[in-house]
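Asker: Pasting in a structure now, in structure tokens, and then I'll have a few things to ask.
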Amino acid sequence: LLKYLHLLTSFFYIPILPCGCLHSLVYTLEFSKISLSHKLKSFDCGNDDLNDFFFNAAIEHVKELLAVTYVWEDSITQKTVAFFSVLNDRIDVDTSHKCKKLRKNIPHEKYYRYYPAVKIGRLGVGIEFQGQSFGCDIIQFIKQFFIHSNKTGCRFVTVDAYNKQNVLNFYIRNGFRYISDVDIDNQTRSMYLELMPAR
1041 LLKYLHLLTS FFYIPILPCG CLHSLVYTLE FSKISLSHKL KSFDCGNDDL
1091 NDFFFNAAIE HVKELLAVTY VWEDSITQKT VAFFSVLNDR IDVDTSHKCK
1141 KLRKNIPHEK YYRYYPAVKI GRLGVGIEFQ GQSFGCDIIQ FIKQFFIHSN
1191 KTGCRFVTVD AYNKQNVLNF YIRNGFRYIS DVDIDNQTRS MYLELMPAR
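The sequence shown begins at 1041 in the working numbering and counts up by one.
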């Protein structure tokens, strides 16, 4: 927890990973929010859609106030290690049988038809850094960011995950659940993560 609080307050990220693979990168990773004048560094996560968003749409989304993108960059190699984008979202409880279970942790007098959420629009980790817990670290960061810096009210994290077993398993391992089964054959599956600890 202290690692993520440190990240929130300093906007500087030092990965402490069990495998010890990134010791050479300690103190070289810089965390920042992409601005309109940001000079994007080289990046390839092996997914054309994510790469295209990063280079051709991330700054445009900032300009149009549609989404905000954050990056971890290695100041020595001048490479982008990982990035994620977030935007506002909501969960419609009345249209999803599965989501009605969300109310079990919410006091009855605070029942609403919709609940505020933040959506992970894109999340990518550079090929050479994959398999080193960066993806899980990003999920933990997003959780702590919106728990401890929750400026407008945000109860859930959502994501439209690629409907591939390895991608779905990644989000399930990090606490996400399916919003419904209507998209089981779609290209993406809508998933959610509860930010509030179970009472």
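Ideal Cβ positions, reconstructed from N, Cα and C, are used throughout, including at glycine.
The structure presented is a predicted model; accordingly, all values stated were derived computationally and were not measured.
#1: Is the beta carbon of Lys-1159 closer than 9 Å to that of Val-1111?
#2: Using only the alpha-carbon positions, how far apart do Gln-1170 and His-1101 sit?
#3: Beta strand (DSSP E) containing Ala-1201: first to last residue?
#4: Roughly how many whole angstroms lie between the Cα atoms of Leu-1163 and Cys-1194?
#5: Would you mind listing the beta strand (DSSP E) stretches within the segment 1064-1135 that are 3+ residues and don't spill past its ends, in chain order?
#6: Can you name, in chain order, every residue of its own chain whose Cβ lies under 8 Å from the Cβ of Phe-1083, other than the five neighbours on each side?
#7: In three-state terms, what does DSSP make of Asp-1223?
#8: Measuring CB to CB, does Ser-1125 end up less than 9 Å from Glu-1070?
#9: Alpha carbon to alpha carbon, how far is Asn-1087 from Cys-1176? Give it in angstroms, no decimals.
#10: Using only alpha-carbon positions, find the residue among Ser-1173, Glu-1168, Arg-1130 and Gln-1172 that is nearest to Tyr-1152.
#11: Roughly how many angstroms lie between the CA atoms of His-1063 and Arg-1217, to the nearest whole one?
#12: DSSP state of Tyr-1152, grouped into three classes?
#13: Give every residue of the same chain whose Cβ lies closer than 7 Å to the Cβ of Asp-1223, excluding the five residues on either side of it in the sequence, and list them in chain order.
#14: My assumption, with CB atoms under 8 Å, is that Leu-1127 sits in contact with Ala-1098. Please give the rounded CB distance.
#15: Would you mind sorting Glu-1113 into buried or exposed? The rule is 16 or more other CB atoms within 10 Å of its CB.
#16: Among the residues of its own chain, which have a CB less than 7 Å from the CB of Phe-1196, if the five just before and after it don't count?
Answerer: The answer reads as follows:
#1: The Cβ atoms of Val-1111 and Lys-1159 lie no closer than 9 Å to each other.
#2: Going from the Cα of Gln-1170 to the Cα of His-1101 covers about 26 Å.
#3: Ala-1201: member of the beta strand (DSSP E) spanning 1196-1202, first to last residue.
#4: Here the alpha carbon of Leu-1163 sits roughly 19 Å from the alpha carbon of Cys-1194.
#5: For the segment 1064-1135, whole beta strand (DSSP E) runs of length 3 or above, ordered along the chain, are 1069-1073, 1108-1114 and 1119-1132.
#6: Excluding residues up to 5 positions away in sequence, Asn-1091, Phe-1094, Phe-1095, Lys-1119, Thr-1120, Phe-1123, Gly-1164 and Gly-1166 lie with their Cβ nearer than 8 Å to the Cβ of Phe-1083 in the same chain.
#7: Correct three-state label for Asp-1223: coil.
#8: Ser-1125 is not a Cβ neighbour of Glu-1070, given a cutoff of 9 Å.
#9: Roughly 18 Å between the two C-alpha positions.
#10: The residue with the shortest Cα to Cα distance from Tyr-1152 is Arg-1130.
#11: Confidence is the limiting factor: at His-1063 the pLDDT is only 37, short of 50, which leaves the residue's position unreliable and the question unanswerable from this model.
#12: If DSSP states are grouped into helix, strand and coil, Tyr-1152 belongs with coil.
#13: Only Arg-1229 and Ser-1230 meet the Cβ criterion.
#14: No, Leu-1127 and Ala-1098 are not in contact; Cβ-Cβ is about 12 Å, not under 8 Å.
#15: Glu-1113 is buried by the Cβ-count criterion.
#16: Once the five neighbours on either side are set aside, the close Cβ partners of Phe-1196 are Ile-1131, Tyr-1155, Ala-1157, Tyr-1232, Leu-1233, Glu-1234 and Leu-1235.
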